[in-house]
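Enquirer: Take this structure, written in C-alpha cells, and hold onto it; I'll ask about it next.
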Amino acid sequence: MNTNPSKLIKGATGDWEVVIGMEVHAQIISKAKLFSGASAEFGGEPNSHVSLVDAAMPGMLPVINAECVAQAVRSGLGLKARINLRSHFDRKNYFYPDLPQGYQISQYKNPIVGEGIVLVDVSPTERIEVGIERLHIEQDAGKSLHDQSATDSFVDLNRAGVGLMEIVSKPDMRSSEEAKAYVAKLRTILRYLGTCDGNMEQGSLRADVNVSVRRPGGPLGTRCEIKNVNSIRFIGQAIEAEARRQIAILEDGGSIEQETRLFDPNRGETRSMRSKEEAHDYRYFPDPDLLPLELDQAYVDELAAALPELPDAKKARFIAQYGLPAYDAGVLVADKETADYFEAAIAHESKSRDPKAVANWIMGDVAAYANSVGLSIPQTHLEPAQIAGIVDLIAEGTISGKIAKDLLLILIEEEKAGDPRVIVEARGMKQVTDLGAIEAAVDAIIAANPDKVAQARAKPSMLGWFVGQVMKGTGGKANPQAVNELLKAKLGI
Amino acid sequence: MTDLTELSLAAAREALAKRQVSAVELAKAHIAAMEAARVLNCFISETPDQALAAAADCDARIARGDARPLEGIPLGIKDLYCTKGVRTTAASHILENFVPTYESTVTANLWRDGAVMLGKLNLDEFAMGSSNETSYFGPVISPWRRPGSNVKIVPGGSSGGSAAAVAARLCYGATGTDTGGSIRQPAAFTGTVGIKPTYGRCSRWGIVAFASSLDQAGPIARNVRDAAILLRSMAGHDAKDTTSVDLPVPDYAAAVGTSIQGKVIGIPKEYRLDGMPAEIDRLWSEGVSWLKAAGAKIVEISLPHTRYALPAYYIVAPAEASSNLARYDGVRYGLRVPGKDVVELYEKTRAAGFGREVRRRIMIGTYVLSAGYYDAYYVRAQKIRTLIKRDFETVFAEGVDAILAPATPSAAFGLGEKGSADPVEMYLNDVFTVTVNMAGLPGIAVPAGTSAEGLPLALQLIGRAFEEETLFALASVIEESAPKIALPPKWWDR
Numbered sequence: 025m026n027t028n029p030s031k032l033i034k035g036a037t038g039d040w041e042v043v044i045g046m047e048v049h050a051q052i053i054s055k056a057k058l059f060s061g062a063s064a065e066f067g068g069e070p071n072s073h074v075s076l077v078d079a080a081m082p083g084m085l086p087v088i089n090a091e092c093v094a095q096a097v098r099s100g101l102g103l104k105a106r107i108n109l110r111s112h113f114d115r116k117n118y119f120y121p122d123l124p125q126g127y128q129i130s131q132y133k134n135p136i137v138g139e140g141i142v143l144v145d146v147s148p149t150e151r152i153e154v155g156i157e158r159l160h161i162e163q164d165a166g167k168s169l170h171d172q173s174a175t176d177s178f179v180d181l182n183r184a185g186v187g188l189m190e191i192v193s194k195p196d197m198r199s200s201e202e203a204k205a206y207v208a209k210l211r212t213i214l215r216y217l218g219t220c221d222g223n224m225e226q227g228s229l230r231a232d233v234n235v236s237v238r239r240p241g242g243p244l245g246t247r248c249e250i251k252n253v254n255s256i257r258f259i260g261q262a263i264e265a266e267a268r269r270q271i272a273i274l275e276d277g278g279s280i281e282q283e284t285r286l287f288d289p290n291r292g293e294t295r296s297m298r299s300k301e302e303a304h305d306y307r308y309f310p311d312p313d314l315l316p317l318e319l320d321q322a323y324v325d326e327l328a329a330a331l332p333e334l335p336d337a338k339k340a341r342f343i344a345q346y347g348l349p350a351y352d353a354g355v356l357v358a359d360k361e362t363a364d365y366f367e368a369a370i371a372h373e374s375k376s377r378d379p380k381a382v383a384n385w386i387m388g389d390v391a392a393y394a395n396s397v398g399l400s401i402p403q404t405h406l407e408p409a410q411i412a413g414i415v416d417l418i419a420e421g422t423i424s425g426k427i428a429k430d431l432l433l434i435l436i437e438e439e440k441a442g443d444p445r446v447i448v449e450a451r452g453m454k455q456v457t458d459l460g461a462i463e464a465a466v467d468a469i470i471a472a473n474p475d476k477v478a479q480a481r482a483k484p485s486m487l488g489w490f491v492g493q494v495m496k497g498t499g500g501k502a503n504p505q506a507v508n509e510l511l512k513a514k515l516g517i
Numbered sequence: 029m030t031d032l033t034e035l036s037l038a039a040a041r042e043a044l045a046k047r048q049v050s051a052v053e054l055a056k057a058h059i060a061a062m063e064a065a066r067v068l069n070c071f072i073s074e075t076p077d078q079a080l081a082a083a084a085d086c087d088a089r090i091a092r093g094d095a096r097p098l099e100g101i102p103l104g105i106k107d108l109y110c111t112k113g114v115r116t117t118a119a120s121h122i123l124e125n126f127v128p129t130y131e132s133t134v135t136a137n138l139w140r141d142g143a144v145m146l147g148k149l150n151l152d153e154f155a156m157g158s159s160n161e162t163s164y165f166g167p168v169i170s171p172w173r174r175p176g177s178n179v180k181i182v183p184g185g186s187s188g189g190s191a192a193a194v195a196a197r198l199c200y201g202a203t204g205t206d207t208g209g210s211i212r213q214p215a216a217f218t219g220t221v222g223i224k225p226t227y228g229r230c231s232r233w234g235i236v237a238f239a240s241s242l243d244q245a246g247p248i249a250r251n252v253r254d255a256a257i258l259l260r261s262m263a264g265h266d267a268k269d270t271t272s273v274d275l276p277v278p279d280y281a282a283a284v285g286t287s288i289q290g291k292v293i294g295i296p297k298e299y300r301l302d303g304m305p306a307e308i309d310r311l312w313s314e315g316v317s318w319l320k321a322a323g324a325k326i327v328e329i330s331l332p333h334t335r336y337a338l339p340a341y342y343i344v345a346p347a348e349a350s351s352n353l354a355r356y357d358g359v360r361y362g363l364r365v366p367g368k369d370v371v372e373l374y375e376k377t378r379a380a381g382f383g384r385e386v387r388r389r390i391m392i393g394t395y396v397l398s399a400g401y402y403d404a405y406y407v408r409a410q411k412i413r414t415l416i417k418r419d420f421e422t423v424f425a426e427g428v429d430a431i432l433a434p435a436t437p438s439a440a441f442g443l444g445e446k447g448s449a450d451p452v453e454m455y456l457n458d459v460f461t462v463t464v465n466m467a468g469l470p471g472i473a474v475p476a477g478t479s480a481e482g483l484p485l486a487l488q489l490i491g492r493a494f495e496e497e498t499l500f501a502l503a504s505v506i507e508e509s510a511p512k513i514a515l516p517p518k519w520w521d522r
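Keeping their order, the protein sequence lines are chains A and B. With our numbering applied, the first sequence corresponds to residues 25 to 517, in that order. With our numbering applied, the second sequence corresponds to residues 29 to 522, in that order.
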C-alpha cells in the first residue's frame, strides 16, 4: 500500500504514518445464546436470562446454536470472505467472576471465516480496501457490577454466553478517518445482513484498536491495543491520542512498549491497562465438549443465495437505475432503512417521479428534521408516500418549492398523517396560475409604487423586489414564472 | 427366599414379575444392607425415603401390569451424577453441599425405566484416583479381605463406592464413570463386571466432568447379563451432549450367551509387561484357552504405541481437568472461603475445596497447556493419542473382533499401600485401561480368577466402537468358563 502524504502526521522530527488494525466484536442477532437456550435479548432483570449452561453448573455441556453459525456464515459472505467448511472451538482459560466456566469458548486456531475484504469510502472521492484477516464466533462474558454495594461486587450473567463475532482486520488503515469509515461500513454491512444490530451504545458492537506509528514507508512499529472503544467518535479520538503519544515517545528517543491500553474519553488520552509481561496466558486448547464444526458447501450456497442486496451493490444500482450522483447514492445506502425509504418514495403509487428530487428532499429537509429530533429518517412519522406527494405537487406545478417547505412543516407539526394533496387543497395552498389574478396583483403593486417602477426601468435587477412583493401579495401562491413574465412585460424591461 | 440382596438383578426382576417379591421388599432389604455396611463407607448420601417411595410406585405399576425394564430394581449412583434435589458432591469438599436442580441424562434414563435409587456412592474426588482414597468423605473399604487378614483392602477407583457396593450386595448394580479405567479397575478389584462403553454411547450431560474427551458412563454389576441390562437403559443419544452418538441401542442382554464361534481375538504382545506378576500372565493364558475352547480364533497382534499411552493420558486428562474444574471458584455455588479480593477468594476457596490429588492434576494440566509448553506436552500427547487410535484401527481392519488383555497389573492392594510417596505408582494401575479411553473404544472387565492372596482378578476385553454386544458375548464365555468366585462374606454385618 502506498503512503498517502495527506494522511501523514507532522512531528517535530519529520512525518509519521499511523498504522491501524481493528478487532471488532459484533453481537450476533439470534433469539438464543451461542451454546444455550437462554434468551440473548438485551436488558432484562439481572440474571433473568441465565440457563444452567450459562451459569456453568456441574455437568452442563454446550450445544452450538445453528442460527449463530448461519449468522456468522452470512457475515463472512457479506465480507466477501472465505468460509471455512471445517472449523473448531477452543477454550480460552482465565478466571473472572463474570466468566462462569472459567474459560471462554472461542475459535482460536481454525475460525469459521477466513480472509475477506471491505470497500470503504473515506470521502466522496476516496475509496480504500481494508482486508479482513478472519471472523470467528465466541461467547460474550457477563457483567460485573461494582457500584451496588460498598463491600461486594455483583455479577449479572444475562450476557454471559451470548454469541459474538470477532472480526479481525488487517493493518490496512492509515488514519483515524479511515478507521472510523471502516467501522461505519462494517456496521452498515452487518446491519444489511441482519447479523448484528450495530448498536454501539448497548455494546452490540465494540472495537479493539491496534495502533502503531512508523516513518513513511519504514518497517512497522510496535503496536498498542486500545481495548473496548464503544463509539465511532471515540475510535477516532483514541487513535489520534495514541498516535500522538507514540510519536512523542519516539521523538524523545524512547521506544514503544507493546501493551494493552484503555481510552479515557473525558481526558482524551489512552492509559496503560496491562503490559506484555502481565498478559494472560490463556492456555488455549480445543474444547473437548464440542465436535469440530463442519458445514457443507450446499449449506453455504443456500445462505449465499438468500443474502440481501448489500450496500456496495445497492449504491451501484442507485447510480445506474436512478441516475443519482455517487455521493447521494452513498448517503442513502449507508442505512438500509433509509435506502428502503427512498425506494418506497420513488415507487409510491407507481407514478414516475424524479429520483434526484426525492433524494434531495430526503437528504435535505427530511434529514434535517429527523436529525433535530434524534431519529433516523425512517423512524420519523413522515411516510415515504408523503414525501412522494410533495415531490409530485411541485413537479406538476401545483405548489412552489417554497410552499412545499411550508407543507412539510404542516406534515411535521400539525397533520402528521396528512395527505399532502388534501392539505394543499383544503388550505388553499395551490399555486395561482390564473393569469388574470396574477395580473391584478402585478398591476396593484405597480400602481402603488411609481418611484420603484422608475428605478426598475433604470436598473432591471430591481425586478426581484417586484417579484417578492407580488408573491407576498398572493400569499406565495402565484406561479413565480408567470409573475416574472408579466412584470417584465409591464415594466418594459 | 432367604436374602433378597443375594439375587442377581435379572433374578430379582424375574421375581418381581412373578410377584414373588415386591419392590418395597427389595428396597427394604437393600436399605438394611446399606445401613449395616456403613463401615465400608460406600455411600456418601443415603436416600432410603426416596427409595421406599419410588418402590411403592413401582409396585403399583407392577400391579397394573405396567412394569418397565428396570421396575423396582434398587441401584446405587456414583456421586458424580447430578441428581435433582439430592446432594451431589463429586466426593469433594468444594461441592460438599451442592444440590442440583437437574437430573443427569443417564440417571433420568434409569428412572424412566423404573429403577430405584438407594443413594449416592463414594468415589475418588472428582473421579481422580485408582483406590478411592482421595475422597473428601474418606476411603471406601473393599468388602474383600485377604483370607485370614484384617488388613483393609481398597476397592479400586474412581468408581470404588460403586464396585464395593455391588460386591457387598448393597445394590443390584451401580453406575460408574470411566476416564482412564475408573469402571474396569474397581470392577476387577471387587470381582464384579464393569463395562466402559464406546465414547458417545452414554450421554455425559449432568455428570460432573473430569476429562471430557475421555469420560464415559457405564454400569458395574454382579454378572455380565446384569451389566448388559443396565447398559441398555443407560445408553442412548442425547441432544444435550453433542458428543453423544445417535445410534439405536441394541438389546445387549440378548447377546449374552450367544456363540463366539469364529470370533477373532487379538492378544497384544505389548501388554505383556516386564515384571508383570506370574499370576496375571497365567490368568491371561487361561482366558485365551477358554475363548479358544468356545470356538474363537486367537491371533497375536501388535499395538506398538501402547507404552506411550499412560504418559500421554496423564497429560490429556489433567489438561482437560484443569479447565473443567475452573468453574469451582466459590462465586456461584459450592464452597466459598472469603478473601480480601476476588483473587484471594479464588485462591482460598480452591485451596480449601480441592484435595491433594485434584490440586496436583490441576497444576499438571495448567502447566502442560501453558505457553511454551503446549507443543511439547499437549500437542505431542494428542499425536500419541492419534497413533494409539490408529493401532486399534489397524488390528480391527485386519479382522480382529476383540482384544483380550488383563484388566489390572495386580490384584487389589491394601489401604495406604500405594502412591503415598510417588503418585506415579498409583497411576500405573491404569496401564491396561487408559488406551481404551484414549481410543474411545468399549472395554469390559470380567472376573476370571483369584490371586494367590485370595483376591479377585479380572480380564479385559476391548471391542470395536459401538460393538458392545460382541464384548458381552465374549465376557459371558469367560464368566461361564472361569472358576466361580464367591463374593466375600458379610464380615461387616454382625
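Backbone N, C-alpha and C define an ideal beta-carbon position, used for all residues, glycine too. On a predicted model such as this, the values are computed, not experimentally measured, just so you know.
Could you give the DSSP three-state label for B/L489: helix, strand or coil?
Expert: Looking at B/L489 - three-state DSSP - the assignment turns out to be strand.
Enquirer: Under 9 Å, Cβ to Cβ, is there at least one residue of chain A near B/F126?
Expert: Yes - at least one Cβ of chain A is within 9 Å of the one on B/F126.
Enquirer: Measure the C-alpha to C-alpha separation of B/I416 and B/N457 and round it to an integer number of angstroms.
Expert: Near 19 Å, if we compare the C-alpha coordinates of B/N457 and B/I416.
Enquirer: Once DSSP output is grouped into helix, strand and coil, what is the label at A/K104?
Expert: It is coil, neither helix nor strand.
Enquirer: Between the segment 117-133 of chain A and chain B, which residues of the former have a C-beta closer than 7 Å to a C-beta of the latter?
Expert: Residues passing the 7 Å Cβ filter: N117, F119, P121, P124, Q125, G126 and Y127.
Enquirer: Near B/P225, which residues of its chain fall below 7 Å by C-beta distance, leaving aside the five closest residues on each side in sequence?
Expert: Within the same chain, B/P225 has close Cβ partners Q244, G246, L259, A263, P470 and E496.
Enquirer: According to DSSP, is A/D299 helix, strand or coil?
Expert: Note on residue identity: the sequence assigns Ser, not Asp, to residue 299 of chain A. Looking at A/S299 - three-state DSSP - the assignment turns out to be strand.
Enquirer: Which same chain residues, not among the five before or five after B/S186, have their C-beta less than 6 Å away from its C-beta?
Expert: Hits under 6 Å: L151, D152, A155, G157 and S210.
Enquirer: Counting only beta-carbon separations shorter than 9 Å, does A/M81 have a partner in chain B?
Expert: Yes, contact with chain B.
Enquirer: Tell me, please, whether the segment 79-87 of chain B touches the segment 115-125 of chain B by the rule of three or more beta-carbon pairs shorter than 8 Å.
Expert: In short, these stretches do not touch, since the Cβ pair count stays below three.
Enquirer: Please list the segments of the beta strand (DSSP E) lying wholly inside the segment 256-318 of chain A, counting only runs of 3 or more residues, in order along the chain.
Expert: Runs found: 283-288 and 293-299.
Enquirer: Kindly give me the distance between the Cβ atoms of B/L443 and B/K56, rounded to whole angstroms, as I take these residues to be in contact under 8 Å.
Expert: Between B/K56 and B/L443 the Cβ distance is about 31 Å, and since that is not below 8 Å, they are no contact.
Enquirer: Mind checking the segment 310-339 of chain A against chain B and listing, in chain order, the residues whose C-beta falls within less than 9 Å of any C-beta there?
Expert: Answer in chain order: P310, D311, P312, D313, L314 and L315.
Enquirer: Measuring straight from C-alpha to C-alpha, what distance separates B/S73 and B/K268?
Expert: Whole-angstrom Cα-Cα distance: 27 Å.
Enquirer: Just how far apart, CA to CA, sit A/D145 and A/V93?
Expert: Approximately 29 Å, taken between the alpha carbons.
Enquirer: Counting only the same chain and skipping the five closest in sequence on each side, list residues whose C-beta sits under 6 Å from that of B/E161.
Expert: Once the five neighbours on either side are set aside, the close Cβ partners of B/E161 are P167.
Enquirer: At least one CB of chain A closer than 9 Å to the CB of B/N234: is that the case?
Expert: At residue 234 of chain B the sequence reads Gly, which differs from the Asn that was named. Judged by the 9 Å Cβ criterion, B/G234 is in contact with chain A.
Enquirer: Between the alpha carbons of A/A340 and A/G347, how many angstroms are there, rounded?
Expert: One C-alpha to the other measures close to 10 Å.
Enquirer: Would you list, in chain order, the members of the segment 175-187 of chain A that have their beta-carbon closer than 9 Å to a beta-carbon of chain B?
Expert: Under the 9 Å Cβ criterion, the segment 175-187 of chain A contributes S177, V179 and L181.
Enquirer: Would you say B/V428 and B/V292 are within 9 Å of each other, going by their C-beta atoms?
Expert: Against a cut-off of 9 Å, the Cβ pair of B/V292 and B/V428 comes out as a contact.
Enquirer: I believe A/A265 touches A/T294 by the beta-carbon criterion, under 8 Å. Please report the beta-carbon distance rounded to the nearest angstrom.
Expert: A/A265 to A/T294, Cβ: 6 Å. Contact.
Enquirer: Answer with buried or exposed for A/D336, where buried requires no fewer than 16 other C-beta atoms within 10 angstroms of its C-beta.
Expert: Result: buried.
Enquirer: Pick out whichever of A/P316, A/N503 and A/S72 has its Cα sitting closest to the Cα of A/I88.
Expert: Considering only alpha carbons, the answer is A/P316.
Enquirer: With a CB to CB cut of under 8 Å and the five nearest residues on each side skipped, what residues in its chain are close to A/K300?
Expert: Cβ neighbours of A/K300 beyond the five flanking positions: E281, Q282 and E283.
Enquirer: Which two residues bound the contiguous alpha helix (DSSP H) that contains A/C248?
Expert: First-last for A/C248: C248 to V253, but that is the beta strand (DSSP E), not the alpha helix (DSSP H).
Enquirer: At a CB-CB cut-off below 8 Å, which residues of chain A make contact with B/S398?
Expert: Within chain A, the residues near B/S398 are D305 and R307.
Enquirer: Strictly by DSSP, which residues pair up with B/F71?
Expert: The partner list for B/F71 (beta bridge, DSSP) reads B/L149.
Enquirer: By DSSP's criteria, B/Y109 is part of a beta bridge. Which residues make up the other side?
Expert: For B/Y109, which the question treats as bridged, DSSP gives the partners B/I235.
Enquirer: Whole-angstrom Cβ separation of A/I423 and A/M453, contact assumed at under 8 Å?
Expert: Their Cβ separation, rounded to whole angstroms, is 6 Å, which keeps A/I423 and A/M453 in contact under 8 Å.
Enquirer: Against chain B, does A/I88 count as a neighbour if the rule is that its beta carbon must be under 9 Å from one of theirs?
Expert: Yes, A/I88 counts as interfacial toward chain B.
Enquirer: So, with DSSP's three-state summary, where would you put B/M156?
Expert: Coil.
Enquirer: Listed in chain order, which residues of the segment 64-80 of chain A have Cβ atoms closer than 7 Å to some Cβ of chain B?
Expert: Within the segment 64-80 of chain A, the residues whose Cβ lies closer than 7 Å to some Cβ of chain B are L76, A79 and A80, listed in chain order.
Enquirer: So, with DSSP's three-state summary, where would you put B/P102?
Expert: B/P102 falls in the strand class under three-state DSSP.
Enquirer: Taking the alpha-carbon positions, what's the A/R238 to A/N252 distance?
Expert: About 24 Å.
Enquirer: Is it buried or exposed, A/Q131, if we count other Cβ atoms within 10 angstroms and call 16 or more buried?
Expert: So A/Q131 counts as buried.
Enquirer: Tell me the residue span of the alpha helix (DSSP H) that contains A/Y365.
Expert: A/Y365 -> alpha helix (DSSP H) spans K360 to A371.
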